[in-house]
Amino acid sequence: RDPAPRWDLRPGRPNLSAFPRAAWLAATRRALHRAPMTAFDYTAESGAAELRETLAAYLARSRGVIADPARILVCSGFSHAIAILARVLHARGADEVAFENPSLHIYRNIAAANGPRVVGVPVDDDGITVSSLDSPAVVVTPAHQYPLGVTLAPGRRAELTRWAEETGAVVIEDDYDGEFRFDHQQVGALQALAPERVVYVGTTSKTLAPSLRLGWMVLPRFLVEPVRTALAESGARPALLDQLAMAELIESGAYDQHIRRCRIEYRSRRDKLLAALPDSVLPQGISAGLHLVLQFPGEVPKEMEVLAACRRRAIGLEGISGYWIGEPQREGLIIGYGAAAKHAFGGATQALREAIFEVT
Ligand SMILES: Cc1ncc(COP(=O)(O)O)c(C=O)c1O
Numbered sequence: 063r064d065p066a067p068r069w070d071l072r073p074g075r076p077n078l079s080a081f082p083r084a085a086w087l088a089a090t091r092r093a094l095h096r097a098p099m100t101a102f103d104y105t106a107e108s109g110a111a112e113l114r115e116t117l118a119a120y121l122a123r124s125r126g127v128i129a130d131p132a133r134i135l136v137c138s139g140f141s142h143a144i145a146i147l148a149r150v151l152h153a154r155g156a157d158e159v160a161f162e163n164p165s166l167h168i169y170r171n172i173a174a175a176n177g178p179r180v181v182g183v184p185v186d187d188d189g190i191t192v193s194s195l196d197s198p199a200v201v202v203t204p205a206h207q208y209p210l211g212v213t214l215a216p217g218r219r220a221e222l223t224r225w226a227e228e229t230g231a232v233v234i235e236d237d238y239d240g241e242f243r244f245d246h247q248q249v250g251a252l253q254a255l256a257p258e259r260v261v262y263v264g265t266t267s268k269t270l271a272p273s274l275r276l277g278w279m280v281l282p283r284f285l286v287e288p289v290r291t292a293l294a295e296s297g298a299r300p301a302l303l304d305q306l307a308m309a310e311l312i313e314s315g316a317y318d319q320h321i322r323r324c325r326i327e328y329r330s331r332r333d334k335l336l337a338a339l340p341d342s343v344l345p346q347g348i349s350a351g352l353h354l355v356l357q358f359p360g361e362v363p364k365e366m367e368v369l370a371a372c373r374r375r376a377i378g379l380e381g382i383s384g385y386w387i388g389e390p391q392r393e394g395l396i397i398g399y400g401a402a403a404k405h406a407f408g409g410a411t412q413a414l415r416e417a418i419f420e421v422t
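Numbering (the working numbering), first residue to last: 63 to 422.
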């Protein structure tokens, strides 16, 4: 990871200074107090029973996931999940995994490194174009497409799960920021429409901290055993103490409280960012998550010029053209409003406004 820029508008990061240190400390203290001696032994690859039970209830109420502890496996975030799932699906005959185009190259690379070929499927304003799918597995971000920020339209959600049921394909739902929707149109997990075809993957990387490396998969029953075996073979799993602390954090209500607080903060940052932007740019995407995409009508100026103007002002952000497999279909900026420290956010939006004025 690069050092933080002066004005940090890099996408994909939560506000690290908001980590609930006191609540995590209290949860760890309670977990340590209660943990039996066996908690310090080699641990089960499926994850702590306490966390899987707590997650089953939490995911059902917060995201509408159809989850029972027996089909939940704890992992080290989405990166770990996609590595394991790609390996398992490849071993079961899936020679190809489709990703949304555009999407993050790091996850495509992890999938490809574990066996299957990776292909891209176009995304439009309603999300992934299901009619273009022709692979035995697909990775989607239905709540909030990354990077474009659209949501998978209701008709497409039904079409995607119908397609999976008819073809026997597996859908991997990357619910990386599903807790953060600001416009009261909460859309539940896709997994609830087809729990035997959709693998739901959640992570603490946006709600708590990326360094925790803590996430979970809710699996179709036929995949539980193969994925459990692959997890064991990967030799990697999050520390049991962190899993027990996470279970305590959720059980105590402190996790919900933290998410509520973050939701208010991110929503207000998004509003401030939108208010600071000149009329010459077009913000894209639903009111959710930690990022938005900016496009320049008529694609003038070029993405490169805006990025150069931002670099001159020590603003850290990204262009969107690098997210495509093959020829980029659009140019623009992807801006993260989560990462900056609270006191620096106003300065960062002002610096961005000046950079855009300079080139438009
Ligand atoms: C699209 C997307 N998926 C998943 C994740 C989370 O990945 P992990 O749980 O490995 O940190 C991120 C985080 O940046 C993301 O942007």
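Note that the Cβ used here is the ideal one computed from N, Cα and C, for glycine as well.
Nearest neighbour of residue i, chosen from the options [CA to CA]
i, options, result
"ALA417", "GLY409, ARG375 and ARG259", "ARG375"
"ASP237", "GLU228, GLY217, GLN248 and ALA231", "GLN248"
"ALA205", "ILE234, ARG149, LEU302 and ALA148", "ILE234"
"TYR399", "ALA97, SER296, ALA410 and ASN176", "ALA410"
"LEU78", "ALA294, LYS334, LYS268 and GLN391", "LYS268"
"PRO82", "LEU285, THR291 and GLN319", "GLN319"
"LEU336", "ARG290, GLN412 and ALA403", "GLN412"
"TYR262", "MET279, TRP69 and LEU255", "MET279"
"ALA89", "ARG259, GLY139, GLY315 and ILE396", "GLY315"
"PRO257", "GLU227, ILE312 and GLN305", "GLU227"
"TRP386", "ILE128, THR229, ARG92 and ILE168", "ILE168"
"THR203", "HIS405, GLY351, PHE407 and GLU365", "GLY351"
"LEU222", "VAL201, ALA132 and PRO131", "VAL201"
"GLY384", "PRO340, ILE377, ALA301 and ILE396", "ILE396"
"VAL343", "LEU356, ILE326 and SER194", "LEU356"
"HIS246", "ALA371, MET366 and ARG325", "ARG325"
"LYS334", "PHE358, ALA84, LYS404 and PHE242", "LYS404"
"ARG300", "ARG123, ALA173 and ALA143", "According to the sequence as given, residue 300 is Pro; it is not Arg. Nearest C-alpha to PRO300: ALA143."
"SER349", "ALA173, GLY211, THR291 and ARG149", "GLY211"
"ALA84", "TYR317, SER193, MET366 and ARG283", "TYR317"
CB-CB length for residue i against residue j, believed under 8 Å
i, j, result
"LEU71", "LEU414", "6 Å"
"GLY277", "CYS137", "5 Å"
"THR191", "PRO184", "5 Å"
"ASN171", "ALA145", "That belief does not hold up - the Cβ atoms of ASN171 and ALA145 are roughly 10 Å apart, past 8 Å."
"THR422", "PRO363", "6 Å"
"PRO178", "LEU151", "7 Å"
Residue i, enclosing alpha helix (DSSP H) - first and last residue
i, result
"LEU335", "316 to 338"
"PRO288", "283 to 296"
"GLY139", "139 to 153"
"PHE102", "PHE102 -> no alpha helix (DSSP H), and no H or E assigned at all."
"THR265", "Element bounds for THR265: not the alpha helix (DSSP H) but the beta strand (DSSP E), 260 to 265."
"GLY408", "404 to 421"
"ILE172", "167 to 175"
"VAL368", "365 to 374"
"ALA199", "Premise fails: ALA199 lies in the beta strand (DSSP E), 199 to 202, not in any alpha helix (DSSP H)."
"ALA254", "First-last for ALA254: undefined, no H or E at that position."
Short Cβ contact (9 Å threshold) for residue i with residue j
i, j, result
"VAL181", "ALA160", "yes"
"LEU303", "LEU135", "no"
"PHE419", "TYR328", "no"
"ALA309", "ALA101", "no"
"PRO209", "PRO76", "no"
"GLU389", "GLY381", "no"
"SER108", "LEU293", "yes"
"GLY360", "LEU354", "no"
"ALA254", "GLY126", "yes"
"LEU274", "ALA93", "no"
"ARG218", "GLY189", "yes"
"ILE312", "THR116", "yes"
"GLY139", "THR266", "yes"
"ALA402", "TRP69", "yes"
"ARG323", "PHE407", "no"
"LEU121", "ALA129", "yes"
"LEU113", "VAL289", "no"
"ILE377", "PRO67", "yes"
"VAL260", "VAL232", "yes"
"GLN207", "GLU162", "yes"
"LEU166", "LEU214", "no"
beta-carbon residue i near ligand 2 non-hydrogen atom, thresh 8 Å
i, result
"ALA85", "Among the ligands present in this structure, namely ligand 1, ligand 2 is not found."
N- and C-terminal bounds of the beta strand (DSSP E) containing residue i
i, result
"PRO216", "Taken as a continuous stretch (DSSP letters only), PRO216 belongs to no beta strand (DSSP E), being part of the alpha helix (DSSP H) at 216 to 229."
"LEU395", "395 to 398"
"VAL29", "This structure leaves residue 29 out entirely; the chain is present only between 63 and 422."
"ILE234", "232 to 236"
"LEU356", "353 to 357"
Cβ of residue i within 9 Å of any chain B Cβ
i, result
"SER108", "In summary, chain B is missing from the structure at hand, where a single protein chain is found."
*Mind listing, in chain order, the residues whose beta carbon lies closer than 6 Å to a non-hydrogen atom of ligand 1?*
GLY74, GLY139, PHE140, SER141, LEU166, THR203, TYR208, ASP236, TYR238, THR265, SER267, PRO272 and GLY277
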